[in-house]
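Let me begin by presenting the structure, written as structure tokens, before commenting on it.
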Amino acid sequence: MNQINAKKFITDNFLLHSKEAIILYHDYAKDMPIIDYHNHLSPKQIAEDLPISNITDAWLNGDHYKWRAMRANGIEEKFITGNSTKEERFQKWAETVPYTLRNPLFHWTQLELKRYFDIDQILQPSTQKAIYTKANAVLATKTPADLLAQMNVEVICTTDDPTDSLEHHKTIAKKNFYTKVLPTFRPDDLVLIEKDSFLIYLKKLETCVDFSIDNLSDFLEAIQCRVNYFDEHGCKLADYGLKQIYAYDFNEKEVDIIFKKRLNNKKLTQDEVNVYASYILFNLCKMYHAKGWVQQFHLGALRDNNSRLLKEVGADVGCDSIGDFNQAEAMSTLFNNLDAENCLSKTITYNLNPSQNEVFATMIGNYSEAGIPGKMQFGSGWWFLDQKDGMEKQLNTLSNMGLLSRFVGMLTDSRSFLSFPRHEYFRRILCNLIAEDIKAGIVPNDIPFIGKMIQDICYNNAVTYFKFQ
Numbered sequence: 001m002n003q004i005n006a007k008k009f010i011t012d013n014f015l016l017h018s019k020e021a022i023i024l025y026h027d028y029a030k031d032m033p034i035i036d037y038h039n040h041l042s043p044k045q046i047a048e049d050l051p052i053s054n055i056t057d058a059w060l061n062g063d064h065y066k067w068r069a070m071r072a073n074g075i076e077e078k079f080i081t082g083n084s085t086k087e088e089r090f091q092k093w094a095e096t097v098p099y100t101l102r103n104p105l106f107h108w109t110q111l112e113l114k115r116y117f118d119i120d121q122i123l124q125p126s127t128q129k130a131i132y133t134k135a136n137a138v139l140a141t142k143t144p145a146d147l148l149a150q151m152n153v154e155v156i157c158t159t160d161d162p163t164d165s166l167e168h169h170k171t172i173a174k175k176n177f178y179t180k181v182l183p184t185f186r187p188d189d190l191v192l193i194e195k196d197s198f199l200i201y202l203k204k205l206e207t208c209v210d211f212s213i214d215n216l217s218d219f220l221e222a223i224q225c226r227v228n229y230f231d232e233h234g235c236k237l238a239d240y241g242l243k244q245i246y247a248y249d250f251n252e253k254e255v256d257i258i259f260k261k262r263l264n265n266k267k268l269t270q271d272e273v274n275v276y277a278s279y280i281l282f283n284l285c286k287m288y289h290a291k292g293w294v295q296q297f298h299l300g301a302l303r304d305n306n307s308r309l310l311k312e313v314g315a316d317v318g319c320d321s322i323g324d325f326n327q328a329e330a331m332s333t334l335f336n337n338l339d340a341e342n343c344l345s346k347t348i349t350y351n352l353n354p355s356q357n358e359v360f361a362t363m364i365g366n367y368s369e370a371g372i373p374g375k376m377q378f379g380s381g382w383w384f385l386d387q388k389d390g391m392e393k394q395l396n397t398l399s400n401m402g403l404l405s406r407f408v409g410m411l412t413d414s415r416s417f418l419s420f421p422r423h424e425y426f427r428r429i430l431c432n433l434i435a436e437d438i439k440a441g442i443v444p445n446d447i448p449f450i451g452k453m454i455q456d457i458c459y460n461n462a463v464t465y466f467k468f469q
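Using the UniProt record's numbering, the letters of the sequence shown map in sequence onto residues 1 to 469.
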């Protein structure tokens, strides 16, 4: 590929196509603080607060978006997840970037270079050496806490296993960081009883709670102990990453039998797996409600499709896809059962299959509650939908089916400390979308009123909804 010739790609008015969009972004959205209520950042790195000395570590370690693009570009695995040098891996990413035109990776890459390093050059083979040198020089002077503060990030919520000691969160809480760092309870391993590692995980849970788990009652007590522990250390959210919600009929006696069968290392039928998961999920949701937590459901991923790479490299390496699962009935059943017992928490549902946007957006409208505006949320475009088209479709669907004005906005869902310009990306897209409506006469040309709505979506709604302070 020939070199991309562009002296300055990220301009002040990037993605803003009208004077209305420019005003909405620069006068209302741009300077709002960031609340990043779902990500996969390392609490250990934040607690240690040491500079990330190399751009390859900051950008390519654990970033399955980039790995997937590099594989699609024909790059050898040794330069993606292998033991090649950091500079070699960066070179191969630089080779790939020009081929990512129209993929969000191209925009994210250039935004991150501009915001963190004041680099206007397009990353490509002809510029990679200079960019590598300058980025590393800047990173050597900044810690994770510095990078978060630079982007005006007030709160982040990490994603944490129920057995986590939260030692790093405790350390962070004692430091005078600008950014508040809170844990999120991610109990997938409590729900997925069919996993080969389930019994090993139970032993880990027993160690955490310091008592033996011999039956279902013990198990629920152990879970409650961990929920209490997380709550004591500032947790305000739970999160699931499931194909679908489980909402089969159950009774406690039957589930106890299923649980003991699994304790004895006997294989469960799929019906038994579904009944158990439905029971545990329902009880977890009730525990969250008692604590006043927000629950999140990331639904619809078909994971680890490539068995060869799963064996050679491991899980979560960029071989996941959008699944085609029925979501509506189970979602309705779970939410209805919880609502009937007055135990339905504030809930955010994230859809991965764009054909089901309207399913999710209409489902949340069934379970409102007086005094809690926007209690049920259709979450921001997730994973494969975390791009301009996906964001616009999510925003339009929510507008058509619900109240965009009550939306709690963007999150990074990222493993990189350099990912926070994604909030800027979302804000520019949001402002441009609403500005097009103003120009078309679809909404009133009242910039102060609409500007306030923009600020609410970018920040204020999240402050009210999550109550982190």
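Where a beta carbon is used, it is the ideal one built from N, C-alpha and C, also for glycine.
Residue i and residue j closer than 9 Å at C-beta
i: Val138; j: Ile156; result: no
i: Phe230; j: Leu202; result: no
i: Gly409; j: Ile35; result: yes
i: Met298; j: Trp383; result: As written in the sequence, residue 298 is His, which differs from the Met given in the question. Contact flag set, yes.
i: Val191; j: Ile280; result: yes
i: Gln295; j: Lys243; result: no
i: Leu237; j: His38; result: yes
i: Gly314; j: Leu352; result: no
i: Phe360; j: Met331; result: yes
i: Leu41; j: Thr143; result: no
i: Thr127; j: Glu87; result: no
i: Asn366; j: Phe335; result: yes
i: Leu199; j: Leu268; result: no
i: Leu284; j: Glu252; result: no
i: Asn461; j: Arg406; result: yes
i: Ile4; j: Ile122; result: yes
i: Ile80; j: Leu105; result: no
i: Ile223; j: Pro187; result: yes
i: Phe325; j: Leu148; result: no
i: Leu404; j: Pro354; result: no
i: Cys458; j: Arg422; result: no
i: Lys439; j: Glu48; result: no
i: Glu436; j: His17; result: yes
i: Met401; j: Glu358; result: yes
i: Ala94; j: Ser416; result: no
i: Ala247; j: Ser278; result: yes
i: Ala301; j: Gly371; result: no
i: Asn337; j: Phe282; result: yes
Separation of residue j from residue i, as counted between CA atoms
i: Gln394; j: Asp413; result: 16 Å
i: residue 552; j: Met151; result: Because residue 552 is not part of the residues shown, which for the chain are 1 to 469, the question remains open.
i: Tyr99; j: Val317; result: 20 Å
i: Asp339; j: Thr333; result: 10 Å
i: Lys7; j: Thr349; result: 41 Å
i: Asp389; j: Tyr425; result: 12 Å
i: Arg27; j: Phe117; result: Per the sequence presented here, residue 27 reads as Asp, with Arg not at that position. Cα to Cα, the separation comes out at about 24 Å.
i: Asp161; j: Val443; result: 44 Å
i: Glu329; j: Val275; result: 15 Å
i: Asp63; j: Asp249; result: 39 Å
i: Leu344; j: Gln377; result: 13 Å
i: Leu418; j: Ser307; result: 31 Å
i: Leu433; j: Thr207; result: 51 Å
i: Asn265; j: Lys66; result: 39 Å
i: Met70; j: Ile131; result: 19 Å
i: Ser53; j: Thr141; result: 9 Å
i: Glu77; j: Cys319; result: 13 Å
Presumed contact (8 Å Cβ cut-off) between residue i and residue j, rounded CB distance
i: Ile23; j: Leu111; result: With a Cβ gap of about 21 Å, Ile23 and Leu111 do not count as contacting.
i: Glu194; j: Val273; result: 5 Å
i: Gly374; j: Tyr465; result: 7 Å
i: Pro43; j: His169; result: 6 Å
i: Ile454; j: Cys431; result: 6 Å
i: Asn183; j: Thr158; result: This sequence places Pro at residue 183; Asn is not what is there. Right, the Cβ-Cβ distance comes to about 6 Å (below 8 Å), so this counts as a contact.
i: Ala135; j: Phe177; result: Rounded, the Cβ-Cβ distance is 23 Å, inconsistent with contact.
i: Leu113; j: Ile429; result: Between Ile429 and Leu113 the Cβ distance is about 19 Å, and since that is not below 8 Å, they are no contact.
i: Phe185; j: Cys225; result: The Cβ separation is near 12 Å, so there is no contact.
Bridge partner(s) assigned by DSSP for residue i
i: Tyr240; result: Phe297
i: Val153; result: Ile34
i: Gln110; result: DSSP output for Gln110 lists no bridge partner at all.
i: Phe378; result: Thr349
i: residue 479; result: The question about residue 479 has no answer, for the chain in this structure spans 1 to 469.
Sequence ranges, beta strand (DSSP E) only - wholly within the region 4-62, length at least 3 | 34-36
Where in the region 129-215 do unbroken runs of the alpha helix (DSSP H), each at least 4 residues long, occur, reported from the N-terminal end onward?
-> 144-150, 167-173, 188-191, 198-209
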